[in-house]
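To start, the structure under review is shown below, and the notes come after it.
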Amino acid sequence: SAVISQKPSRDICQRGTSLTIQCQVDSQVTMMFWYRQQPGQSLTLIATANQGSEATYESGFVIDKFPISRPNLTFSTLTVSNMSPEDSSIYLCSVRGSQETQYFGPGTRLLVL
Amino acid sequence: KNQVEQSPQSLIILEGKNCTLQCNYTVSPFSNLRWYKQDTGRGPVSLTIMTFSENTKSNGRYTATLDADTKQSSLHITASQLSDSASYICVVKSGGSYIPTFGRGTSLIVHP
């Protein structure tokens, strides 16, 4: 199994500002995943972060809006840039373990005013 | 397009009662299906995983079933407890992609 921590756990931000979310894993992993969970919606994959290369973004998500860093095999950050109220959501960090089990962090609850 | 539909959207039951949550999917080719439990303020945690050849799998009071022919799965919770109050998410993995498809979840509330 993997233990994942995220910071901050929640934040309230003003529109137009940016927030960087940190994700720390207790073991080395090749891929780290960033998801968004909007109220009443399913988890949506934003991007896959690989150490030593640029992140791979899913359709509808771009690097300018959601820049990602992956400096080593246990850490990643996701920045939500130039925020608007539509960015209010839960952002989850995830890694994959054995049998393709996905382990998730506790999430970061973001409210944009 | 791969899709996972869950029903009901929400459910309220009394403590000690049983309940069944449903999941229909159109993911192809099918690889595996998982049920996750997500407590409020926490990330999802895997309850069960089922592959094509498995019909039933249990994890304590949780029993998942899979009918690969009709592309349906259910999660049965026996003798519910207050701690079962959570969102239950059905997730289906395609053999052709490393990205699974998530359902919207069923929100379960267990009342004393």
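Chains as they are written, first to last, in the numbering used here: chain A, 1 to 113; chain B, 1001 to 1112. Glycine is no exception: its CB is placed at the ideal position from the N, C-alpha and C atoms.
When A:Thr108, A:Lys65, A:Cys13 are compared against glutamine 6 of chain A, the one with the closest alpha-carbon
Closest by alpha carbon: A:Thr108.
Could you confirm whether any beta carbon from chain A is found closer than 7 Å to the beta carbon of arginine 1042 of chain B?
Taking Cβ atoms only, chain A reaches closer than 7 Å to arginine 1042 of chain B, which makes this a yes.
If we cut at 7 Å on Cβ distances, does phenylalanine 1052 of chain B have a partner in chain A?
Contacts with chain A at 7 Å (Cβ-Cβ) do not include phenylalanine 1052 of chain B.
Residues from the segment 1057–1089 of chain B in contact with chain A, defined by Cβ distance under 7 Å
From the segment 1057–1089 of chain B, no residue has a Cβ closer than 7 Å to chain A.
Neighbour list for proline 106 of chain A in chain B, Cβ cutoff strictly below 8 Å
What proline 106 of chain A touches in chain B: Gly1041, Arg1042, Gly1043.
Should the segment 29–40 of chain A be called in touch with the segment 83–92 of chain A, which here means at least 3 C-beta pairs below 8 Å?
The segment 29–40 of chain A makes contact with the segment 83–92 of chain A: 3 or more CB pairs, one atom from each, lie closer than 8 Å.
Glutamine 99 of chain A, DSSP secondary structure in three states
Per DSSP, reduced to three states, the secondary structure at glutamine 99 of chain A is helical.
Can a CB atom of chain B be found closer than 7 Å to the CB of threonine 56 of chain A?
Chain B places no beta carbon closer than 7 Å to that of threonine 56 of chain A, leaving this residue out of the contacts.
I'd like to know whether the C-beta atoms of leucine 113 of chain A and aspartate 11 of chain A end up nearer to each other than 7 Å.
In this structure, leucine 113 of chain A lies away from aspartate 11 of chain A, with their beta-carbon atoms at least 7 Å apart.
Assign proline 85 of chain A to one of three DSSP states: helix, strand, or coil.
In this structure, proline 85 of chain A counts as helix in the three-state DSSP scheme.
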